[in-house]
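J.: If you scroll down you'll find the structure; I have some questions about it.
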Amino acid sequence: MNLYELIQQRGIESIGRFYSTYRGIVITSDDPDSQNKVCVYLPSVLRGVEVWAYPKHQQGGPGSGFKWLSPREGSIVYIEFENGDPRHPLWSYHGWAIGEMPPELDKPHVLGFITPKGNKIILDESESGVLTAIIQQNIIVKS
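Its first residue numbered -7, the sequence shown is counted upward by one per residue in the working numbering.
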């Protein structure tokens, strides 16, 4: 079997390159290096493997940046690999399964976030244009 036939029959993964997007299950987001990496189990890669993956869509530099909540244990994330190399995994958020999206966010003109503890900031970009903020803890504003 030549290389072309091998790839055609078994996929590019058969030669050790992974150029697709794979679903992974978060094992832990307790990153010992404080880089917002997550340890993920990938059942469809190399017959099941655990990897520490770096965040793909996170803005950050020395002393500044923006960080979303880290995915919790058992969450689904998407995994890709830099240049198809399984030694360089990257994670990105998966989204909601059917019925999981909070009703407050279930409109195309609404954006916002809701934390696991119920803290909410909702922006409605429709003509009524409402901002809703519900904070479960004390609010601290520093200037």
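Glycine included, each C-beta is placed from N, C-alpha and C at the ideal position. Nothing here was measured: the structure is a model prediction, and the numbers come from that model.
Assign Ser135 to one of three DSSP states: helix, strand, or coil.
T.: At Ser135 the pLDDT is 46, less than 50, meaning the model places this residue with poor confidence; the figure from the coordinates comes in the next sentence. Three-state result, Ser135: coil.
J.: In the DSSP assignment, find the alpha helix (DSSP H) that holds Tyr11 and state where it starts and stops.
T.: Here Tyr11 belongs to no alpha helix (DSSP H), and DSSP marks it neither H nor E.
J.: Could you check where the alpha helix (DSSP H) with Glu(-3) kicks off and where it finishes?
T.: Where Glu(-3) is concerned, the enclosing alpha helix (DSSP H) stretches over -5 to 2.
J.: Could you tell me if Ile71 is buried or exposed, where buried requires 16 or more neighbouring beta carbons within 10 angstroms of its beta carbon?
T.: Flag for Ile71 reads buried.
J.: Of the residues Ser118, Arg64, Glu74, Gly91, which one's Cα is nearest the Cα of Lys109?
T.: Of the listed residues, the one whose Cα sits closest to Lys109 is Arg64.
J.: With which residues is Asp116 paired in a DSSP beta bridge?
T.: Val102, per the DSSP bridge assignment.
J.: Taking the continuous beta strand (DSSP E) assigned at Phe73, which residues delimit it?
T.: Element bounds for Phe73: 68 to 73.
J.: In whole angstroms, give me the CA-to-CA distance for Gly53 and Ile106.
T.: Their backbone Cα atoms lie some 26 Å apart in a straight line.
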